[in-house]
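Participant:
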Amino acid sequence: MANRREFLQKSALGALSLPLFSFNDVPRSIQELKLAQPGMENYWQMVRKQFALKEGQTYFNNGTMGPTPNYTLSRMMNHMTHYAKHAAEVDYKNGSGPELLSGYFPCKELRKKLGAIINADYRSISLTQNATFGMNYVGMGLDLKKGDELLNTNQEHGGGFAAWQLLAKRKGCVYKQATMPTPANDPQEVVDAIFKEVTNKTRVIAVPHIISAYGVVMPVKEICAEARKRGIFTILDGAQCIGHVKVDVKEIGCDAYYSSLHKWLLAPAGSGLLYINPDVVENIWATIPSYNWENKEDHGFRLMQNGTGNPGLLEGYDAAVDFYNTIGEDRWIGRIKELGDYLRAGIKEMDHVKIHSSIHPDMSAGITTYAVNGLSGPELQKTMWEKERLQPRSVGEDLLRHSVHIYNSKEEIDKALNVISELA
Ligand SMILES: Cc1ncc(COP(=O)(O)O)c(C=O)c1O
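Note that this note's numbering has the sequence shown beginning at 58, numbered continuously upward.
This is the structure in structure tokens:
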């Protein structure tokens, strides 16, 4: 395993031009990166060079999908090429065979790295394809009964509501939605809106940690604490969260948490995670059972062992986590927040713009959704592209969702602010 990894890392370096990192010498690179002054724009220019994004074009749609860094791409592609060439040399029984079927292998090392990011033991973590799988593994795995109430917000993504609606129809559960304030600038107002809908029949509270359309960072710790007092199962939709804001599942106190790391952690498409609190995991059945469906030692593996998948993708997933750790969580997340605040500060000044996201410091991060007087969301998106080659994303009829990430710069945000300002 170590040799295989070493080989792949070396071959990855051959295909990369990495002025910033040498992954054969990660500790030294990390030291150098830590010595750089936070806030130094030339540091972030170096980071930008780690992406294949074209010069002169600006990607502002990370909320949909994160671009893959060169390092991650390279490790993933090298892995696939290597095993395409060396298939005949693989000793299935005693060598890396099971690893190459990916869905039969426990991937402990990657799960440990993810556990370090979200503060959980690796056995509480399952690797999934994405957030949608996470929601379904929990929803379908819980023993829900007729009359049980399942509570969402009215601002869910399909990957946050559909399992609960299906269960209501299939099992006779009662599906409810709490109406969120918009814009949401008071955490208590959000908590109150949710518990207003709770009754003694509520079995599940399933809410986003970050709301997809508006980027509102929800007061999830308070929601989970109150739910726990009432014996209600909490599951958080963190599709938009890992790599975007700090996620500490123990501190949050949720029963389950799922995420798509191909968004803010910039992992390759198809890199998801599901965490289930060890206190409740025995109550969750495997939805796609295979050999390990009754494994009591490693519940995470029990829930994720779902047959043959793409091991190259897992190599890319692992590489994306290494890339994240090399830059460092505080610096990465801090930069996203800095750029988000920079954008909001600019548009707050404009009378013809209305911000639909939160401007509360604890409820806002890298997504800002706004409307510009007189223009629909799709028109605004088109204008941004035609004038400056900027690519945010329209949502609904009237809004533009503008995501910022570590590969963006203040200059790019200034370009967007100029376009908006000219529309006054
Ligand atoms: C809040 C939220 N939940 C779930 C999803 C679904 O994610 P995926 O398609 O990766 O499963 C998204 C995707 O944008 C989202 O924003």
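The beta carbon of each residue, even a glycine, is placed where N, CA and C say it ideally should be.
Can K444 and V410 be called in contact, C-beta distance under 8 Å?
Facilitator: For the purposes of this step, residue 444 is identified with residue 387 of the sequence shown, where counting begins at 1. For the purposes of this step, residue 410 is identified with residue 353 of the sequence shown, where counting begins at 1. No, they are not a contact pair.
Participant: Indicate whether the contact test is met: 3 or more Cβ pairs, each with one atom in the stretch 450–463 and one in the stretch 111–125, closer than 8 Å.
Facilitator: With a cut-off of 8 Å, the stretch 111–125 and the stretch 450–463 count as touching, because enough Cβ pairs lie within range.
Participant: I need the straight-line Cα distance from L331 to Y179, nearest angstrom please.
Facilitator: Walking along the sequence shown from the start, residue 331 turns up at place 274. Walking along the sequence shown from the start, residue 179 turns up at place 122. L331 and Y179: Cα-Cα distance of roughly 11 Å.
Participant: Could you check the C-alpha separation between W350 and M361 for me, to the nearest Å?
Facilitator: In the sequence shown, counting from the first residue as 1, residue 350 sits at position 293. In the sequence shown, counting from the first residue as 1, residue 361 sits at position 304. Those two C-alpha atoms are separated by around 9 Å.
Participant: Between the alpha carbons of I182 and V337, how many angstroms are there, rounded?
Facilitator: Here residue 182 refers to the residue found at position 125 of the sequence shown. Here residue 337 refers to the residue found at position 280 of the sequence shown. Near 13 Å, if we compare the C-alpha coordinates of V337 and I182.
Participant: Give the secondary structure of F290 by DSSP, where H, G and I count as helix, E and B as strand, and everything else as coil.
Facilitator: The residue given as residue 290 occupies position 233 in the sequence shown. Note: F290 maps to strand in three-state DSSP.
Participant: Give a yes or no on whether the minimum CB-CB distance between R168 and chain C is below 8 Å.
Facilitator: Given the protein chain composition of this structure (a single chain), no chain C is represented.
Participant: What first and last residue would you give for the beta strand (DSSP E) that runs through L330?
Facilitator: The residue labelled residue 330 in the question sits at position 273 within the sequence shown. It spans 329–333 - the beta strand (DSSP E) in which L330 sits, taken as one unbroken run.
Participant: What's the gap between the Cα of P238 and the Cα of T138?
Facilitator: For this step, residue 238 is matched to residue 181 along the sequence shown. For this step, residue 138 is matched to residue 81 along the sequence shown. Roughly 50 Å separates the two Cα atoms.
Participant: Enumerate in chain order the residues of its own chain whose CB-to-CB distance from V83 is below 6 Å, with the five nearest sequence positions on each side excluded.
Facilitator: Against the sequence shown, residue 83 aligns to sequence position 26. Reliability of the predicted coordinates at V83 is poor, the pLDDT of 40 falling under 50, and the value obtained from them is presented with this limitation in mind. Contacts found: none.
Participant: Do three or more CB pairs link the stretch 401–418 to the stretch 196–208 at distances below 8 Å?
Facilitator: Touching, no.
Participant: With burial defined as no fewer than 16 other Cβ atoms inside 10 Å of the residue's Cβ, what is the status of Y427: buried or exposed?
Facilitator: Taking the first residue of the sequence shown as 1, we reach residue 427 at position 370. Buried.
Participant: Using 7 Å as the cut-off, classify the Cβ of P435 as near or not near the heavy atoms of ligand 1, replying yes or no.
Facilitator: Numbered from 1 along the sequence shown, position 378 holds the residue referred to as residue 435. For ligand 1, not one heavy atom lies less than 7 Å from the Cβ of P435.
Participant: Tell me whether M192 is buried or exposed, calling it buried when 16 or more other Cβ atoms sit within 10 Å of its Cβ.
Facilitator: As a working note, residue 192 is residue 135 in the sequence shown. Buried.
Participant: In angstroms with no decimal places, state the Cα-to-Cα distance between Q212 and D294.
Facilitator: Sequence index remark: in the sequence shown, residue 212 carries index 155 (1-based). Sequence index remark: in the sequence shown, residue 294 carries index 237 (1-based). So the two alpha carbons sit approximately 11 Å from each other.
Participant: Looking at G431: is its Cβ nearer than 8 Å to the Cβ of G453?
Facilitator: Here residue 431 corresponds to residue number 374 of the sequence shown, with the count starting at 1. Here residue 453 corresponds to residue number 396 of the sequence shown, with the count starting at 1. It is not a contact, given that the beta carbons lie outside the stated cut-off.
Participant: Would T210 pass as a contact of P265 if the rule is Cβ separation under 8 Å?
Facilitator: Residue mapping note: residue 210 aligns to position 153 of the sequence shown, counting from 1. Residue mapping note: residue 265 aligns to position 208 of the sequence shown, counting from 1. Closer than 8 Å, so yes.
Participant: Quick one: what's got a C-beta closer than 6 Å to L207's C-beta in the same chain, skipping five residues either side?
Facilitator: One-based indexing of the sequence shown puts residue 207 at position 150. The answer, listed in chain order, is W221, C230, Y232, V261.
Participant: Give the DSSP-derived three-state secondary structure of K40 in the structure shown.
Facilitator: Since the first residue of the chain shown is 58 and the last is 481, residue 40 is not available in this structure.
Participant: Spatial neighbours of A324 within its chain, please: C-beta separation below 6 Å, excluding the five flanking residues on both sides.
Facilitator: Position 267 of the sequence shown, counted from the first residue, corresponds to residue 324. Correct list, in chain order: L318, Y374, A377.
Participant: If I'm right that P368 touches S131 with Cβ under 8 Å, what's the distance once you round it to whole angstroms?
Facilitator: To locate residue 368, count along the sequence shown from 1; it is residue 311. To locate residue 131, count along the sequence shown from 1; it is residue 74. About 16 Å; that fails the 8 Å criterion.
Participant: With respect to 7 Å, is the separation between the Cβ of H459 and the closest non-hydrogen atom of ligand 1 below this value?
Facilitator: The residue you call residue 459 lines up with position 402 of the sequence shown. False, no ligand heavy atom lies under 7 Å from that Cβ.
Participant: Answer with buried or exposed for G471, where buried requires no fewer than 16 other C-beta atoms within 10 angstroms of its C-beta.
Facilitator: In the sequence shown, the residue the question calls residue 471 occupies position 414. The residue you asked about is not Gly; residue 471 is Asp in the sequence shown. Answer is exposed; the Cβ neighbour count stays below 16.
Participant: Return yes when the C-beta of L415 is under 7 Å from any heavy atom of ligand 1, and no when it is not.
Facilitator: Counting from 1 along the sequence shown, the entry for residue 415 is found at position 358. According to the sequence provided, residue 415 is Ser. The question's Leu does not apply to it. Every heavy atom of ligand 1 is 7 Å or more from the Cβ of S415, so no.
Participant: Could you spell out the range, first to last residue, of the alpha helix (DSSP H) harbouring Y374?
Facilitator: In the sequence shown, residue 374 corresponds to position 317, counting from 1. First-last of the alpha helix (DSSP H) with Y374: 368–384.
Participant: In three-state terms, what does DSSP make of T259?
Facilitator: Here residue 259 refers to the residue found at position 202 of the sequence shown. In this structure, T259 counts as strand in the three-state DSSP scheme.
Participant: To the nearest angstrom, report how far apart W389 and G204 are at their CA atoms.
Facilitator: In the sequence shown, the residue the question calls residue 389 occupies position 332. In the sequence shown, the residue the question calls residue 204 occupies position 147. Distance between the alpha carbons of W389 and G204: 44 Å.
Participant: What I want to know is whether the C-beta of T121 ends up closer than 7 Å to one or more non-hydrogen atoms of ligand 1.
Facilitator: As a first step, residue 121 must be located in the sequence shown, where it is residue number 64. The answer is yes for T121.
Participant: Quick one: does the C-beta of N187 sit closer than 7 Å to a heavy atom of ligand 2?
Facilitator: Ligand 2 is not among the ligands present in this structure, which contains only ligand 1.
Participant: Assuming the contact rule is C-beta atoms closer than 8 Å, I175 and I251 should be a hit. Round their C-beta distance to whole Å, please.
Facilitator: The residue labelled residue 175 in the question sits at position 118 within the sequence shown. The residue labelled residue 251 in the question sits at position 194 within the sequence shown. With a Cβ gap of about 23 Å, I175 and I251 do not count as contacting.
Participant: Identify every residue that forms a DSSP beta bridge with A428.
Facilitator: In the sequence shown, the residue the question calls residue 428 occupies position 371. K411, per the DSSP bridge assignment.
Participant: Can you tell me where the alpha helix (DSSP H) holding A173 begins and where it ends?
Facilitator: Walking along the sequence shown from the start, residue 173 turns up at place 116. It spans 165–175 - the alpha helix (DSSP H) in which A173 sits, taken as one unbroken run.
Participant: Classify P163: buried if its beta carbon has 16 or more other beta carbons within 10 angstroms, exposed otherwise.
Facilitator: In the sequence shown, counting from the first residue as 1, residue 163 sits at position 106. Buried, by the Cβ-count rule.
Participant: If the criterion is Cβ atoms closer than 8 Å, does the pair S347 and R105 meet it?
Facilitator: Here residue 347 corresponds to residue number 290 of the sequence shown, with the count starting at 1. Here residue 105 corresponds to residue number 48 of the sequence shown, with the count starting at 1. It is not a contact, given that the beta carbons lie outside the stated cut-off.
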